Amino acid sequence: MIVRLRTKLALLYGGLFGLVMIAIAFGVYPIVSTSAFNAARGQLEATSNAFQRLEALQMSQLRDNTRISATDFGFRSAVALAKADPATVRTALANLRRRIGGDIAYLVLPDGEVVAETNAPSLPPGLPDSLTDGDVTQGGLVLGQIAYRAVAAPVMAPNLIGWLLVGTRFDDAQMKSLVSLSSIPIHAQLLERRDNELIHLSHSSEAGSDPQQARPAIVETRAIAGINGADLQLRLSYPLETALAPMRSLLGLLLGMGLLGLAVLGLAAWLLARSITRPIAALESATRSIEDGKYDRVQVASRDEIGRLANSFNLMAGAIEERTRTITYQAMHDRETGLPNRECFEEALQRAVTATGHIYVGVIGMDRFTHIRDAIGYERTGRLLAALGERLAAPDAVAPPARLSGELLVVAFAARSGAEAELRLAEMLDATEQPIKIGGQRIDVAAKAGFARLSEPGANGQSAVERASIALDQARRAHTRVSAFNAEAYGDPAGNLSLMGDMLNALASGDMFLAHQPKLNLRTGKFDGTEALIRWRHPQRGMIRPDLFVTMAEETGHIRPLTEWVLAQAIKDQETLAAAGLALRVSVNISGRLLGDPSFEQVIDRLAEGRTEALCFEITETAVMNDPQRAMKQLGKLAERGFPLSIDDYGSGLSSLSYLKMIPARELKIDRSLVAGLEADTRDAFLLRSTIDLGHGLGMKVVAEGIEDERTLAVLQGLGCDLAQGYLISRPVPLPDLIRFLKADADIVSRRVRASA
Ligand code: C2E
Ligand code: MG
Ligand code: MG
Numbered sequence: 194m195i196v197r198l199r200t201k202l203a204l205l206y207g208g209l210f211g212l213v214m215i216a217i218a219f220g221v222y223p224i225v226s227t228s229a230f231n232a233a234r235g236q237l238e239a240t241s242n243a244f245q246r247l248e249a250l251q252m253s254q255l256r257d258n259t260r261i262s263a264t265d266f267g268f269r270s271a272v273a274l275a276k277a278d279p280a281t282v283r284t285a286l287a288n289l290r291r292r293i294g295g296d297i298a299y300l301v302l303p304d305g306e307v308v309a310e311t312n313a314p315s316l317p318p319g320l321p322d323s324l325t326d327g328d329v330t331q332g333g334l335v336l337g338q339i340a341y342r343a344v345a346a347p348v349m350a351p352n353l354i355g356w357l358l359v360g361t362r363f364d365d366a367q368m369k370s371l372v373s374l375s376s377i378p379i380h381a382q383l384l385e386r387r388d389n390e391l392i393h394l395s396h397s398s399e400a401g402s403d404p405q406q407a408r409p410a411i412v413e414t415r416a417i418a419g420i421n422g423a424d425l426q427l428r429l430s431y432p433l434e435t436a437l438a439p440m441r442s443l444l445g446l447l448l449g450m451g452l453l454g455l456a457v458l459g460l461a462a463w464l465l466a467r468s469i470t471r472p473i474a475a476l477e478s479a480t481r482s483i484e485d486g487k488y489d490r491v492q493v494a495s496r497d498e499i500g501r502l503a504n505s506f507n508l509m510a511g512a513i514e515e516r517t518r519t520i521t522y523q524a525m526h527d528r529e530t531g532l533p534n535r536e537c538f539e540e541a542l543q544r545a546v547t548a549t550g551h552i553y554v555g556v557i558g559m560d561r562f563t564h565i566r567d568a569i570g571y572e573r574t575g576r577l578l579a580a581l582g583e584r585l586a587a588p589d590a591v592a593p594p595a596r597l598s599g600e601l602l603v604v605a606f607a608a609r610s611g612a613e614a615e616l617r618l619a620e621m622l623d624a625t626e627q628p629i630k631i632g633g634q635r636i637d638v639a640a641k642a643g644f645a646r647l648s649e650p651g652a653n654g655q656s657a658v659e660r661a662s663i664a665l666d667q668a669r670r671a672h673t674r675v676s677a678f679n680a681e682a683y684g685d686p687a688g689n690l691s692l693m694g695d696m697l698n699a700l701a702s703g704d705m706f707l708a709h710q711p712k713l714n715l716r717t718g719k720f721d722g723t724e725a726l727i728r729w730r731h732p733q734r735g736m737i738r739p740d741l742f743v744t745m746a747e748e749t750g751h752i753r754p755l756t757e758w759v760l761a762q763a764i765k766d767q768e769t770l771a772a773a774g775l776a777l778r779v780s781v782n783i784s785g786r787l788l789g790d791p792s793f794e795q796v797i798d799r800l801a802e803g804r805t806e807a808l809c810f811e812i813t814e815t816a817v818m819n820d821p822q823r824a825m826k827q828l829g830k831l832a833e834r835g836f837p838l839s840i841d842d843y844g845s846g847l848s849s850l851s852y853l854k855m856i857p858a859r860e861l862k863i864d865r866s867l868v869a870g871l872e873a874d875t876r877d878a879f880l881l882r883s884t885i886d887l888g889h890g891l892g893m894k895v896v897a898e899g900i901e902d903e904r905t906l907a908v909l910q911g912l913g914c915d916l917a918q919g920y921l922i923s924r925p926v927p928l929p930d931l932i933r934f935l936k937a938d939a940d941i942v943s944r945r946v947r948a949s950a
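If you're matching positions, the sequence shown starts at 194 in the numbering used here and goes up one per residue.
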């Protein structure tokens, strides 16, 4: 396949010219060859005519000579005595023949007898019959293989006494001399037709046979009448090869000129094609450069279409370059603030290097962003962010400050340690928090920051920007100003996406079990009950904290099956305890989401009906706050049916006295955040005393959870707390361990508790 336009054009022109040449050749050849042929034929005819005239002249000479000799007196006298004296006749014949210049001479007598010279070939037998009395007989005569021009003249004395027959040879030499008279190179042949067969008699070539017989030729044949009816032919032939030789050289000249023309045209076509394709090739390579982002201009001097195309191309390349620059700028910058965007920042980070320490990425987020935006509008917020971005710019920054999204700005800098990075970010926050005026309006900005190291081992596929953003969320949750990324606290959210499916399987497969934490009655020193706490040993991830999957089950609507399983298991465990002689009440945590859920009511009906002595339901106070009416209705129903209720985690959130009053609970559990590290005669102790009194005042028993040391326990006992739960007494343990503990160690524990009181 030809792919180059230049070659195609050159081939096209050359091919067309070649075709024209062939067409001309087809037209010219027949004309030239026909005219050459006709000219040759004309020449041959002319030569043939000349031959004929020459032949006629020679014959007439022979005839005249023969006729004169026949009237010779001496000869006639010899003929009269021929019968008696043939020898004299023979002598006379020889003399006559020599005089005339003939080759043969005979005397034919009227009775047919022939007198000839010695050694003369004999005449054909029927010859005398063809001789006429009155006049001369003339024509060709073949004797043996030799042809003669012969004349027979009657010998009269005064009556016919015989015929004198004289002949001259018609041999090769004759032929040659004939041919030599011709202006064209012809070949002459004398033939005789005998019994439909042509016998070769003589010819003009030296060799005995005709060397040109096989070659094609133009032929002219003349009949020569034989003296005794013999059919003789003089054939003149002009070989075509020779005849057409002038035409050949003409054609050769034409062919040569054609080939030369073809070569010249091919070269010219190639040059022309090159002059056309060179600018096209330049355009093509410029187009390729555009692909690589290079906008080269094409230099074309011509003013023709190609020149105009090149000009248009250059204009187009310029426009594309301009547009690309704009698009690239837009792709790399934030429209609202004009700050570099995330892509731009990440790109700069990839190129970033530092000589000292590490590169840190910090994400800075304004507090109350939506509030500010609603107050000043989007346009001014954009200007505000741009101004903050300017404040964050530092000469030693490894990437320009950029806008991530919303209120988030991102910076990158080098620091020797995490502590130095934290300090640096704190300074940046100080800078951003300086009062700022936008559109004549003063705005107070507060911000927080999270940061992460660019290349941190175990980053779990998250980019530094992502980790720094998470760190900012962690800072916001922990109410700290600057936070480093804490991988442990972040956990594995990606893995958690499939956690609920795993959880439902675990409920069936036995990977879930209940741990029990006993509640110690501080007044009696006996164990009143246990709290059932769910445990999940994940086959791949190991133990999973209940906070994580319980919260997720609440959010994804899987809390009902989970609670159903816990309730059923708690009832079983309670029965096992009772069977072991330990009739303890088992507390089950009930999520606030289930309060008011009719399907949960059915679960209670089915599983817990009549087990009011065995069970207690722990409900957090906040659970009630979400939908107080529904929750209160449900709690009222449970209380009416005789189930004890317990208010869990009291004091961890925003406690409301009005709810506390309304919840028909028998137990109030003080959250471990209030209990931990309790000292006597402190504000905490005072607060706890009032809470305990409040609980008692509302008719509830008060439980303190999370007791880890004896001093706390003692203080709580002193404050009048009824029940205690915590690692000090027992960690949550599987049921068999609980039974073992209650049977063996419980006494020691309760004795110790009483002693500490
Ligand atoms: P909670 O109901 O307040 O349970 C007490 C939590 O405090 C338990 O954590 C327990 O192990 C822990 N704890 C007990 N004594 C001490 C101590 O002395 N020091 C410290 N630091 N911690 C102590 P756990 O088992 O991790 O459970 C966490 C929360 O998960 C529970 O808080 C409860 O809200 C929820 N939860 C646990 N099991 C269930 C369940 O079956 N259903 C529902 N809805 N929630 C459950
Ligand atoms: Mg609880
Ligand atoms: Mg609690």
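Think of the CB as a built atom: it goes at the ideal place given N, C-alpha and C, for glycine as much as any other residue.
Keep in mind that this is a model prediction, so the values were computed, not measured.
Inter-residue spacing [alpha-carbon to alpha-carbon] between residue i and residue j
{"i": "A773", "j": "Q710", "result": "17 Å"}
{"i": "A203", "j": "I195", "result": "11 Å"}
{"i": "A474", "j": "S468", "result": "10 Å"}
{"i": "E283", "j": "S315", "result": "It is worth fixing the name first, because residue 283 is Arg in this sequence and not Glu. If you take the alpha carbons of R283 and S315, they lie about 14 Å apart."}
{"i": "Q405", "j": "L437", "result": "Here Q405 scores only 46 on pLDDT, less than 50, and its place in the model is too uncertain to base an answer on."}
{"i": "G803", "j": "V759", "result": "18 Å"}
{"i": "R518", "j": "H526", "result": "12 Å"}
{"i": "P837", "j": "S676", "result": "44 Å"}
{"i": "P223", "j": "A249", "result": "38 Å"}
{"i": "D967", "j": "A607", "result": "Since the first and last residues shown for the chain are 194 and 950, residue 967 lies out of range."}
{"i": "I863", "j": "V895", "result": "7 Å"}
{"i": "G785", "j": "T815", "result": "8 Å"}
{"i": "A400", "j": "L324", "result": "Residue confidence for A400 is low, a pLDDT of 40 falling below 50, so the modelled location carries little weight; the figure read from the coordinates is stated next. Their Cα atoms are separated by approximately 36 Å."}
{"i": "Q959", "j": "F363", "result": "A question about residue 959 goes unanswered here, because the residues of the chain that appear run from 194 up to 950."}
{"i": "R199", "j": "L455", "result": "17 Å"}
{"i": "A595", "j": "N534", "result": "5 Å"}
{"i": "A664", "j": "A580", "result": "24 Å"}
{"i": "L205", "j": "N507", "result": "31 Å"}
{"i": "E413", "j": "G449", "result": "35 Å"}
{"i": "V213", "j": "G451", "result": "10 Å"}
beta-carbon residue i near ligand 1 non-hydrogen atom, thresh 8 Å
{"i": "I727", "result": "yes"}
{"i": "Q767", "result": "no"}
{"i": "Y920", "result": "yes"}
{"i": "P857", "result": "no"}
{"i": "I900", "result": "yes"}
{"i": "P927", "result": "no"}
{"i": "L755", "result": "yes"}
{"i": "S848", "result": "no"}
{"i": "R734", "result": "no"}
{"i": "P593", "result": "no"}
N-terminal and C-terminal residue of the alpha helix (DSSP H) that residue i is part of
{"i": "R283", "result": "279-293"}
{"i": "T414", "result": "Where T414 is concerned, there is no enclosing alpha helix (DSSP H), although the beta strand (DSSP E) it sits in stretches over 410-418."}
{"i": "N242", "result": "198-263"}
{"i": "T905", "result": "903-911"}
Proximity test, residue i beta-carbon vs ligand 3 heavy atom, cut-off 8 Å
{"i": "K862", "result": "yes"}
{"i": "R865", "result": "yes"}
First through last residue of the beta strand (DSSP E) which encompasses residue i
{"i": "Q710", "result": "705-714"}
{"i": "N679", "result": "Run containing N679: none; DSSP gives neither H nor E here."}
{"i": "T723", "result": "720-731"}
{"i": "F793", "result": "Run containing F793: none in the beta strand (DSSP E); it sits in the alpha helix (DSSP H), 791-801."}
{"i": "I631", "result": "629-631"}
Query raised in the report: In chain order, what residues have a CB nearer than 6 Å to some heavy atom of ligand 2?
Result: Sorted by chain position, residues whose beta-carbon lies closer than 6 Å to a non-hydrogen atom of ligand 2 are E724, N782, E811, D841.
Query raised in the report: Does the segment 626-636 come within contact of the segment 533-545, defined as at least 3 CB pairs closer than 8 Å?
Result: Contact fails: fewer than three Cβ-Cβ distances are below 8 Å.
Query raised in the report: Is the segment 887-902 close to the segment 681-700, with three or more CB pairs under 8 Å?
Result: Verdict: no, contact absent.
Query raised in the report: When the Cβ atoms of the segment 548-563 are set against those of the segment 522-536, are three or more pairs found closer than 8 Å?
Result: No, they do not touch.
**Report entry** Three or more C-beta pairs below 8 Å linking the segment 354-361 and the segment 297-312
**Finding:** Enough Cβ pairs lie closer than 8 Å, so yes.
Report task. Please confirm if the segment 378-388 is in contact with the segment 422-438, defined as three or more CB-CB distances below 8 Å between the two stretches. Result -> Taking a cut-off of 8 Å for Cβ pairs, the segment 378-388 and the segment 422-438 touch, as three or more such pairs fall below it.
Query raised in the report: Three or more beta-carbon pairs under 8 Å between the segment 252-269 and the segment 455-466, yes or no?
Result: In short, these stretches do not touch, since the Cβ pair count stays below three.
Query raised in the report: Should the segment 443-455 be regarded as contacting the segment 211-231, the criterion being three or more beta carbon pairs within less than 8 Å?
Result: Output reads yes: the segment 211-231 touches the segment 443-455.
Query raised in the report: Would you call the segment 406-416 and the segment 269-279 touching, i.e. three or more CB-CB distances under 8 Å?
Result: At 8 Å Cβ cutoff, the stretches do not touch.
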